[in-house]
Structures are given as C-alpha cells and as structure tokens.
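Residue numbering for the sequence shown follows this note's numbering, beginning at 2 and increasing consecutively.
Cβ coordinates follow ideal geometry from the N, Cα and C atoms, glycine included.
Below: the structure, in structure tokens.
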Amino acid sequence: VIYGDGTHECPSLTQIPCPFENVPKQNDAFSCGVYIIYYTFKFMDNSKFSLEFDPNTYREYLKTYLLENSEDMTNICLYCNWHSDRHHCPLDDEYVEWVSCSRCCCWIAINCIPKEYRLINYDNIDFFCLFCQK
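Printed below as a string of structure tokens:
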C-alpha cells in the first residue's frame, strides 16, 4: 500500500494468531472504539467473547452505563478537576470566584484561569473556556 506523497510504502505485516475463540470482527469503518472497549472488558474479566455481539446495542449500553455511573460534574472546575468544596482559595481571598462558560456551561474557578487571560469583570460578557474558544 502506497501512502503520503506516493513515495512511501507500508511495510508488510505478519498476522498474529488470536488465542481467543468467537471474537467478533468489526465490519464497518466507524465502530472501532466500541469494539476496543468490548474486547478490553472481555479480556480483563476473562469472560468469553460472543459472535452475537452487536456494536449498536453495546453503544447504547455504554451510553446508559456512563450516564448512570458518572459523577456529577456541576461543581468541579473544568481546568483543575477540583470540587468546589475542596478548591483552594488564594491567600488574599475569602472565597473562590467561579465563571461559567457561555457555550458549554462548565464551571471554572477564576484563579485557575492563567493570569494573562483573566478579566476584571465577568458579569456582562460571554466567557469561553479553552475547549470552546474559537
């Protein structure tokens, strides 16, 4: 297989035999993540694979599982991952000030924003976190 600017060729690969039985194989170009998670859990649990594996059903299961078992991220600073109850106050402040991203609504402790990007007043402006900045 030729790639890049047409002058590079992929090295030949030797297929490694799989020691597991009934391992479902991916038949599309977009479910690799679902298959990797399925393989990983089966390998870690030392449980059997099933040829009846359906990536769409498993994707729904993962969505439900993650939503039901995730921690509430409402009071966690997006930049440092500290909960608001345990967030450190600067020595000269009595309390931690927070700002919410105008796009994703995640909360950021103002003292976690690098000083060169801090504003004097966040009340009447749109603030965008690092992930939502254009």
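Residue i, DSSP secondary structure in three states
i, result
"Y4", "strand"
"E53", "coil"
"E22", "coil"
Classification of residue i by the beta-carbon crowding that lies within 10 angstroms, buried from 16 upward
i, result
"Y62", "exposed"
"P56", "buried"
"C81", "exposed"
"C11", "exposed"
"C130", "buried"
"C78", "buried"
Continuous alpha helix (DSSP H) stretch holding residue i: start and end
i, result
"V35", "33-46"
"P56", "56-70"
Inter-residue CB distance, residue i and residue j (contact presumed, cutoff 8 Å)
i, j, result
"Y40", "Q27", "Y40 to Q27, Cβ: 10 Å. No contact."
"H84", "A110", "With 8 Å as the limit, H84 and A110 do not qualify as a contact, their Cβ atoms being about 11 Å apart."
"V100", "N112", "At roughly 11 Å, the Cβ-Cβ gap does not stay under 8 Å, so V100 and N112 are not in contact."
Where the beta strand (DSSP E) containing residue i begins and where it ends
i, result
"A110", "108-110"
"S101", "99-101"
Sequence-distant residues of its chain with Cβ nearer than 6 Å to residue i (five each side left out)
i, result
"P25", "L52, F54"
"N76", "H84, S85"
Proximal residues to residue i (C-beta, below 7 Å), its chain only, five neighbours per side dropped
i, result
"C133", "C102, R104, C105"
"S48", "none"
"K43", "F50"
"S32", "P56"
Residues of its chain near residue i, where Cβ-Cβ distance is below 8 Å and the 5 sequence neighbours each way are ignored
i, result
"N23", "K49, F50, S51, L52"
"Y1", "Nothing about residue 1 can be reported from this structure: the residues present for the chain run from 2 to 135 only."
Cutoff 9 Å: residue i Cβ touching any chain D Cβ
i, result
"N122", "Checking the listed chains, one finds no chain D in this structure; it contains a single protein chain."
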